[in-house]
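Enquirer: Residue numbers (this note's numbering): 3 to 121. Structure in C-alpha cells, see below.
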Amino acid sequence: MPATTPRPHIMALLFDMDFDHPGRTYHHLDGRPFTKEERAIVNEATLEEFRAAGAKIHTEITQEIADQALNDASELLHKYFAQNPEVVIPYMTDEDHGHYESLRTIASADGGRFLPRRR
Numbered sequence: 003m004p005a006t007t008p009r010p011h012i013m014a015l016l017f018d019m020d021f022d023h024p025g026r027t028y029h030h031l032d033g034r035p036f037t038k039e040e041r042a043i044v045n046e047a048t049l050e051e052f053r054a055a056g057a058k059i060h061t062e063i064t065q066e067i068a069d070q071a072l073n074d075a076s077e078l079l080h081k082y083f084a085q086n087p088e089v090v091i092p093y094m095t096d097e098d099h100g101h102y103e104s105l106r107t108i109a110s111a112d113g114g115r116f117l118p119r120r121r
C-alpha cells in the first residue's frame, strides 16, 4: 500500500500539539486545550502523519493510560462474569476451562465464601 501524503490541516495541528502535556486531552504548545473540532481532526491523523510530525507516540503517560484501560476493562468484565460465569464458559478453551475449574476449587475450599453469588 503506497504511503499517503500528509494532509496540511492535520499536520498544522500536530506541529502545534504538546505531546508532553500530562493528561488525557490534547493541548496546543501554548497550553490551550484543543477544541472539539480540533480533536476530531487530530483523531483522523494516520500513524504516518504522527511520525512525520515527530510525535512520541509511546510515552510513560500513554502506557499508564493503556494499563489503566486494561485494568478497567478487566474489572468491568469481572462484574458480569462473577454474576453469570456460565455465559462465558462455553467460549473458553479446554486449557482455560481447566484453569478456571482449578481456581474455582481453590476458592470453594473455604465453603465457597469467595464464589460468585446467584442473584
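The C-beta atom is built at its ideal place from N, Cα and C for all residues, glycine as well.
Looking at Met13 and Glu46, is the spacing between their C-beta atoms short of 8 Å?
Expert: Cβ distance not < 8 Å, so Glu46 and Met13 don't count as in contact.
Enquirer: Going by DSSP, which residues form a beta bridge with Met19?
Expert: Paired residues: His30.
Enquirer: What does the alpha-carbon distance come out to for the pair Arg1 and Phe17?
Expert: The displayed coordinates of the chain run from 3 to 121. Any statement about residue 1 would go beyond what the structure contains.
Enquirer: For the alpha helix (DSSP H) containing Ala109, list its first residue and its last residue.
Expert: Element bounds for Ala109: 96 to 109.
Enquirer: Which first and last residues belong to the alpha helix (DSSP H) in which Glu51 is found?
Expert: First-last of the alpha helix (DSSP H) with Glu51: 49 to 54.
Enquirer: Does any residue of chain B bring its CB to less than 8 Å from the CB of Leu31?
Expert: Looking at the structure shown, chain B is missing, and only one protein chain is on hand.
Enquirer: Since Glu40 and Leu15 are thought to touch, with beta carbons under 8 Å apart, how far apart are those beta carbons, to the nearest angstrom?
Expert: Sure, about 6 Å apart at Cβ, within 8 Å.
Enquirer: Return helix, strand or coil for Pro24, following the three-state DSSP convention.
Expert: Three-state result, Pro24: coil.
Enquirer: Rounded to a whole number of angstroms, what is the C-alpha to C-alpha distance between Thr27 and Gln70?
Expert: So the two alpha carbons sit approximately 16 Å from each other.
Enquirer: What does a CB cutoff of less than 6 Å around Asp20 pick up in its chain, not counting 5 residues either side in sequence?
Expert: The answer, listed in chain order, is His29, Leu31.
Enquirer: Hey, how far is the Cα of Ser104 from the Cα of Gly25?
Expert: Taking the straight line from one Cα to the other gives about 41 Å.
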